[in-house]
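Encoded as structure tokens, the structure appears first; notes follow it.
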Ligand SMILES: NC(=O)c1ccc[n+]([C@@H]2O[C@H](COP(=O)([O-])OP(=O)(O)OC[C@H]3O[C@@H](n4cnc5c(N)ncnc54)[C@H](O)[C@@H]3O)[C@@H](O)[C@H]2O)c1
């Protein structure tokens, strides 16, 4: 599908990959780019840059998605391309005692944002697209939905579910002229990635959001189901399906190494333990040790350390 002259919606468009998607669709000549985000000021700023429109929207709420669909079509015309891109990190803890975690909260939030958001977009757009005989869904998922993300069971599980739903959407509605792509990068240099320590997701290098958005545009033009900005992911998928048990063992080894590395960070030296018994010095130590690393890693290590 060519986006030139089309109406496009991008959720999570206020920053990161979503913002880059808005830019790339605008440059490709989209008639209107609608930026839908839980951050209304961020959405308005991006919309102003791409001559688009902004909606405040929590993608985990069906009423918000329905509002974006209805209002976009009422004000601007038929949505040709709906990009379910919004996502959340959270829950990263390679030291967790139990992959099931301790509460439902991170699971239900991830389920709402990574899975139900895609379901709601389909629920309210498929009837309209079927009537028109065409339409396109681009769902930003992650290589974590095809492989896994160590230390993030809720993220990995819900991203796998998102792949499952996208497959069903593509299979069920191919005959109706509806096309689907899943966008599955590894590390992309955004706030989300910077909020966790460097890990295996960056092993093949972090891409810029702009590189990923360009790959997405190309994938849409070629109507490719799986858009893999890191081509290595296809090789990892092949290895996984070739010998699932060997793949699980390999991943478990990486997890063990991560536990060791993060465990060391959590166990303070005797001198630091002494300082930490003084509440003020303890706080300062965390600050002095990690605050200078202004790359997102510092913040997370501080959190681990002071926990
Ligand atoms: N950054 C990476 O390394 C990476 C890798 C693979 C996949 N992804 C996926 O790409 C997508 C975008 O991530 P990013 O890295 O650009 O993140 P980001 O944190 O930079 O941006 C996420 C955007 O989504 C918005 N958002 C969050 N929750 C929302 C909600 N409930 N409703 C509406 N908007 C919401 C945020 O306000 C923000 O504008 C996500 O689905 C993420 O899982 C990211």
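Residue numbers (my numbering): 763 to 1069.
The beta carbon of each residue, even a glycine, is placed where N, CA and C say it ideally should be.
Every alpha helix (DSSP H) of 4 residues or more that sits fully in the segment 902-968 is shown, in chain order, as 915-935 and 953-956.
By the beta-carbon neighbour count (other beta carbons within 10 angstroms, threshold 16), residue 917 is buried.
Comparing alpha-carbon positions, the option among 969, 769 and 776 lying closest to residue 801 turns out to be 776.
Going by beta carbons, residue 810 and residue 773 fall outside the 8 Å limit.
Comparing alpha carbon positions, the residue from 841, 915 and 909 closest to residue 1012 is 909. A distance criterion of 7 Å places the beta-carbon of residue 963 in contact range of ligand 1, judged by its closest non-hydrogen atom.
For residue 815, no alpha helix (DSSP H) run applies; the uninterrupted beta strand (DSSP E) run containing it begins and ends at 815-818, by DSSP. If you draw a straight line from the Cα of residue 813 to the Cα of residue 803, it comes to about 15 Å.
The C-alpha of residue 986 lies about 6 Å from the C-alpha of residue 943. For the 8 Å CB-CB criterion, residue 994 and residue 912 do not form a contact.
A direct Cα-Cα distance of roughly 34 Å separates residue 922 from residue 836. Every unbroken stretch of the alpha helix (DSSP H) spanning 4 or more residues and falling wholly within the segment 835-884 is given here in chain order: 867-873. As DSSP reads the structure, residue 796 sits in a beta bridge with 771 and 815. Secondary structure note for residue 821: it is in no alpha helix (DSSP H), with a DSSP letter that is neither H nor E. Shortest gap from the CB of residue 910 to any heavy atom of ligand 1: 7 Å or more. Taking C-beta atoms under 8 Å as the contact rule, residue 770 and residue 842 qualify, at a distance of about 7 Å. Residue side-chain check: residue 950 places its Cβ nearer than 7 Å to a non-hydrogen atom of ligand 1.
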